Amino acid sequence: MLKQFDNPYNPREIEEKIYKLWEKSGFFNPDNLPGKRKKTFTIIMPPPNANGSLHLGHALMLALEDIMIRYRRMKGDKTLWLPGADHAGFETQIVYDKIIEKEGRNRFEIAREKFYQEIWDFTQKNKALMENQIRKLGASCDWSRKKFTLDEDIISKTQEAFVDFYKEGLIYRGNRLVHWCVKHQTGFSDLEIVHEERIDPLYYIKYGPLTVATVRPETIFGDTAIAVNPGDKRYKSLTGKEIEVDVVIAKVKLKVIADPAVDPEFGTGAVKVTPAHDLNDYEIWQRHKNEIEGPREVINKYGKMNLIRHFPDSEEAKKYEGLKISEARKLIVEDLEKKGLIEKIDLTYRHNIALCYKCKNVIEPRLMEQWFVKMKPLAKSAVEAVKKGRIKFIPERFKKVYFHWLKNIRDWNISRQIVWGIRIPAWQCENCREWIISKEKPARCARCSSVEIKQDLDVFDTWFSSGQWPFLTLGYPDKKDFKNFYPTNVMETGWDILFFWVARMIMLGIYRAKKIPFKNVYLHGLIRDEFKQKMSKSKGNVIDPLGVVNEYGADALRMALIVGNTPGNDPVFSEDKVRGYRNFANKIWQASRFVLINSENFDFKSKPKLSATDKKKLNELSKIKKDISNLMESFKFYAASEKIYHYFWHIFCDKIIEEMKPRLNNENKKDKLAAQYILLEILKGSIKLLHPFMPFITEEIWSYLPVLRGLGQAENKKMLIIEKW
């Protein structure tokens, strides 16, 4: 029976075998769990992007969620952990762009349908690999319910939500400034840009009787006004008047307006207003629409100058036409200097600029028609749900940043000018330009009866479908799972997507499904290397979790990721830590071997007589179990894992086993029986407590363990995965 224990613990041999047994048992599926389980416990797995391998952050997420699920399953709950994969629109298209670039192809030269199909095939292969990786990490999720964000039902329900939101006045098409990436040719939401401090020349340019300061002299062709602060006495005599300004290629008349957004301390206190190319200037124009000209776009979507349509009679405009921004900036500065219009240049000016989060190119604000979601109405109920305690944050400090973001939220641009994603169900009449919002293509235009109708080429921001993930995966609105498992219990994810995803799930869940999507939000940190550096491919410090699993086993990796890792803080990862928990796995194996070998002749029919010291040991185990249970209930997995580690190694192995060794060799059969019983009981209890953290080795050991029920009676044994906690 115990031949397996003759060899050192080999996770490679055991882990694959155990996972197959779990899958075969069907116990990952809540419908197959034994006993009458009324209380449900549900986690919807944050779907990893189907464009690459899992990283350590995924391994941490899977370990934390599996710990919760295994604990609750053993506690008798009807547990559902629903896995999935995210098509990850823009992210995946960028990954695939790089692949075809290496092949000498360009996405703009590939037909839309063909390009979509290629990415589909690419993600399906990745998805299969990813699911295998999730299995290797021991995730006890219900594969029979797995979902993909491009499953037909998800697409249908996402498009349905757009149609309903539009009818309810929550979605509108607006001609507004958006964050535009010239390289990727798509707009972004506020959350998808990053800011970086840079030093750039600040040019002081003469504007008639005034001087304005700007870092973007190439946009002077798009100016429609000059703004000053209403309290700035220096410009009181000019406010409300038009002045003539030489912009090199022409002389234009610009009105001086007063607006409180102008900082009198910046530059000269007078600023040029370019509503087509600056977000602040756009807002100034919105407040002064009746006084000044509207936005004038002088830089096109490719980041090149576009002047002739605004200055058709200017020969000078031709030399700027088609120039890149950097080229135009250099040329305009030269031309302004020739005309004596540069007053001075500050070469030490520090400012923040917006960059594409992916390619780090400068974002160009661009006036475009896009679909927007009104966020203020959604934010109100999302704030209320957390304030009233219906949704709890772990750790609590993230409530403050959550409230701050929702208080300052702006409308959400959900249009993306990419191919990979869910098409927006909006149709435009080619004749009268009317928009028709419908899942199906309309037969004719309701306004002019034309049959020339084309669907919007844009797709949804991937977060629009992901924001509805908790209820869509459960079959909203009428499937049995939605009724049984929604709202879910925990949303566990990284703190870095609190705004991208968590806040949006709360808003859309409350609005669309009429209930909060989850009761608890557990936010883990971002894993750093042993030098506390963020892990990135460019730094070369990325660690493949599957490589670690192959070397040390999944249980060792899980413990290394969990012990000491407090929620919301960035944990430091080192291979030494994994090696230490591989040694712990060996310790568990050897201790179990010792107990089982020395209990082979245990007499189940006899009733062991326990001393007061023996009973104290069992009471100590009961207390440890109670302490660990309390820690698990309060989401302190970092402490629970450390407590059972310390107890097993330093109390059970170092003390109890050593104390029992002489009694096992005792000729007094009753004393030997008591010693065997104590060792078996403590091993049994410890293996149960270790199971959520180290599921593979514990399930294997459990299969050899004679489980006891009360004193002196053997018990019918079940798999550890469904044993009572």
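Residues in the sequence shown are numbered consecutively from 342, following the working numbering.
Note that CB positions come from ideal geometry on N, CA and C, so glycine has one too.
From a predicted model like this one, the values you see are computed outputs, not experimental measurements.
With fewer than 16 other Cβ atoms inside 10 Å of its own Cβ, Cys-700 counts as exposed. Arg-691: member of the beta strand (DSSP E) spanning 683 to 697, first to last residue. A buried status is given to Asn-390, since no fewer than 16 other beta-carbon atoms sit within 10 Å of its beta-carbon. CA-to-CA, the gap between Arg-637 and Arg-628 works out to about 17 Å.
For Lys-715, the CB contacts under 8 Å within the same chain, skipping 5 residues up- and downstream, are Gly-510, Leu-511, Ile-512, Tyr-513, Asp-752 in chain order. Scanning the stretch 388 to 472 from its first residue to its last, the whole alpha helix (DSSP H) runs of 4-plus residues come out as 397 to 415, 430 to 443. Boundaries of the alpha helix (DSSP H) around Thr-954: 953 to 974. Bounds of any alpha helix (DSSP H) do not take in Gln-711; it lies within the beta strand (DSSP E) bounded by 705 to 714.
With contact defined as three or more Cβ pairs closer than 8 Å, the stretch 583 to 595 and the stretch 543 to 550 are in contact. Taken atom to atom, the span from the alpha-carbon of Thr-560 to that of Tyr-661 is near 12 Å.
For Phe-529, the enclosing beta strand (DSSP E) stretches over residues 527 to 529. The shortest CA-to-CA distance from His-991 to any of Tyr-817, Ser-940, Lys-928 is the one to Lys-928.
Selection Ala-452, Ser-394, Leu-1020 evaluated against Pro-1047 yields Leu-1020 as nearest (Cα-Cα).
Contact between the stretch 789 to 805 and the stretch 762 to 779 is present: 3 or more CB-CB pairs across the two stretches fall below 8 Å. Contact annotation, Leu-849 with Pro-908: C-beta distance approximately 24 Å; criterion of less than 8 Å not satisfied. Assignment of alpha helix (DSSP H) within the stretch 490 to 520, counting only whole runs of 4 or more residues, yields 493 to 508 in chain order. Going by C-alpha positions, Thr-580 is about 36 Å away from Trp-746. Contact holds between the stretch 842 to 862 and the stretch 802 to 811, because three or more Cβ pairs, one in each stretch, are under 8 Å apart. The Cβ atoms of Ser-779 and Ile-903 do not sit closer than 8 Å to each other. Within the stretch 734 to 807, the runs of beta strand (DSSP E) at least 3 residues long that lie entirely inside it are, in chain order, 767 to 770, 776 to 778, 794 to 796. Exclusion of the five residues before and after Arg-691 leaves Glu-538, Ile-540 as the residues of its chain whose Cβ lies within less than 7 Å of its Cβ.
In this structure, DSSP gives Arg-539 an extended state, which the three-state scheme calls strand.
The C-beta separation of Asn-702 from Val-523 comes to about 6 Å, placing the pair in contact by the 8 Å criterion.
Straight-line spacing of the CA atoms in Val-553 and His-525 works out to 33 Å.
Every unbroken stretch of the alpha helix (DSSP H) spanning 4 or more residues and falling wholly within the stretch 811 to 842 is given here in chain order: 821 to 826.
Only buried fits Ala-720, as 16 or more other CB atoms lie within 10 angstroms of its CB. Between Gln-474 and Leu-423, the CB-CB gap reaches or exceeds 8 Å. Distances from the alpha-carbon of Val-556 to those of Arg-731, Phe-607, Trp-521 put Phe-607 closest. Secondary structure of Glu-606 (DSSP, three-state): coil. With the rule of 3 Cβ pairs closer than 8 Å, the stretch 461 to 470 does not count as touching the stretch 346 to 355. Bounds of the beta strand (DSSP E) holding His-865 are 859 to 865. Ile-384 is bridged by DSSP to Trp-422, Val-831. Residue environment for Glu-833: buried (at least 16 other C-beta atoms within 10 angstroms of its C-beta).
Rounded to the nearest angstrom, the gap between the Cα atoms of Thr-490 and Gln-458 is 16 Å. Contact annotation: the stretch 666 to 683 does not touch the stretch 600 to 618, with fewer than three C-beta pairs closer than 8 Å. A residue is called buried once 16 or more other Cβ atoms fall within 10 Å of its Cβ, and Ala-469, having fewer, is exposed.
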